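Peer 1: Please see the structure below; I have some questions.
Numbering (the numbering used here), first residue to last: 387 to 680.
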């Protein structure tokens, strides 16, 4: 049976380890002190057949520099976001140009995956056969689909966290269901516009990696990013919020990255812009007024 090693002991990495060990010998590599039965070292992981990476996107450059994987490794990237103006796929391809790379996206709260609740996910890859290999490794409660649109999956996985912050702000300000639905719908349009600039397909944003992940993340307090927005609307500082969460909320840094790229390439992204400005200290109420006029 193939050996799978999961890098990253956060909520998502731990959930993926739980999922993959249903059918296969699966192990986890983390700085955290986890279940010693399945936790192994970086060195022990080198002989694995498959590698799953669930490291925060902001830490990927440093992590990849200090934690080399086999050059021809089969890697499933579960990280989502943009770092230093680069998509996650660009970061991985710069470190592992000869590796077999795939990317995981779709609606998937870690807590529900760990409870074996059913969900469907996309495996984005340029290699159909590689994606099929990964499909065979997933547990019975996850239905994997294959997509060749890597950049679309990445944009969806990154952008939905930013819209989720906006949605949390919307709820925190007590703006109602109509406003939240309008915001999410326009967020989907904005996400697709941004993605198409970089070569993504429209159809991707109507599927699991786009609308599916967005609708999940922007409608529930199980979403860390949604809670960030909720707390910002309540007047809490970003420092207080991140301490309360205790885990990374990717949308905080991703909002700045998207705003910078949109400004550089003159892409119209009004929601991402306002989220980025709120993160920097702008009043959520003033952002609402400006958004209504944009």
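Where is the CB? At the ideal position from N, CA and C, for every residue including glycine. Note that the structure is a prediction, hence the values are computed from the model and not measured.
Rounded to whole angstroms, how far is the Cβ of residue 474 from the Cβ of residue 443, which I believe are closer than 8 Å?
Peer 2: For the purposes of this step, residue 474 is taken as the residue at position 88 of the chain shown. For the purposes of this step, residue 443 is taken as the residue at position 57 of the chain shown. Indeed they touch by this definition, with Cβ atoms about 6 Å apart.
Peer 1: CA-CA distance, residue 455 and residue 547?
Peer 2: Along the chain shown, read from residue 1 onward, the residue named residue 455 stands at position 69. Along the chain shown, read from residue 1 onward, the residue named residue 547 stands at position 161. Going by the C-alpha atoms only, they are around 28 Å apart.
Peer 1: How about the region 516-534 and the region 632-640: do they share at least three Cβ pairs that are nearer than 8 Å?
Peer 2: No: the two stretches stay apart, fewer than three of their Cβ pairs being nearer than 8 Å.
Peer 1: In terms of residues, what are the limits of the beta strand (DSSP E) holding residue 490?
Peer 2: Locating residue 490 in the chain shown gives position 104, where the first residue counts as 1. Segment 486-491, the beta strand (DSSP E) holding residue 490.
Peer 1: Let me know the alpha helix (DSSP H) ranges lying completely inside the region 620-676, each 4 residues or longer, listed in chain order.
Peer 2: For the region 620-676, whole alpha helix (DSSP H) runs of length 4 or above, ordered along the chain, are 624-631, 636-651 and 656-665.
Peer 1: Run the CB neighbour count on residue 674, radius 10 Å, all protein chains shown included, and call it buried at 16 or more, exposed below.
Peer 2: The residue labelled residue 674 in the question sits at position 288 within the chain shown. Label assigned to residue 674: buried.
Peer 1: From the DSSP output, in three-state form, read off residue 414 for me.
Peer 2: Counting from one through the chain shown, the residue named residue 414 turns up at place 28. Strand.
Peer 1: So, using beta-carbon positions, are residue 615 and residue 551 closer together than 8 Å?
Peer 2: Taking the first residue of the chain shown as position 1, residue 615 is located at position 229. Taking the first residue of the chain shown as position 1, residue 551 is located at position 165. Yes, they are a contact pair.
Peer 1: Any idea if residue 403 is buried or exposed, counting beta-carbon neighbours within 10 angstroms, 16 or more meaning buried?
Peer 2: Against the chain shown, residue 403 aligns to sequence position 17. Buried, because 16 or more other Cβ atoms sit within 10 Å of the Cβ of residue 403.
Peer 1: Please classify residue 425: does DSSP put it in a helix, a strand, or coil?
Peer 2: For the purposes of this step, residue 425 is taken as the residue at position 39 of the chain shown. DSSP places residue 425 in strand when its eight states are reduced to three.
Peer 1: For residue 542, is the beta carbon positioned less than 7 Å from some heavy atom of the ligand PLP?
Peer 2: Ligands displayed in this structure: none; no statement on the ligand PLP is therefore possible.
Peer 1: For residue 655, count neighbouring Cβ atoms within 10 angstroms of its own Cβ and tell me buried if that reaches 16, exposed if not.
Peer 2: Reading the chain shown from its first residue, position 269 is the one you call residue 655. Buried, by the Cβ-count rule.
Peer 1: Considering only residues of the same chain and omitting the five flanking positions on each side of residue 544, which have a CB-CB separation below 6 Å?
Peer 2: Taking the first residue of the chain shown as 1, we reach residue 544 at position 158. Cβ within range, chain order: 466, 467, 468 and 640.
Peer 1: Taking 8 Å as the threshold, find out whether the region 504-523 comes into contact with the region 483-491 through three or more Cβ pairs.
Peer 2: Because the criterion of three Cβ pairs below 8 Å is met, the region 504-523 and the region 483-491 touch.
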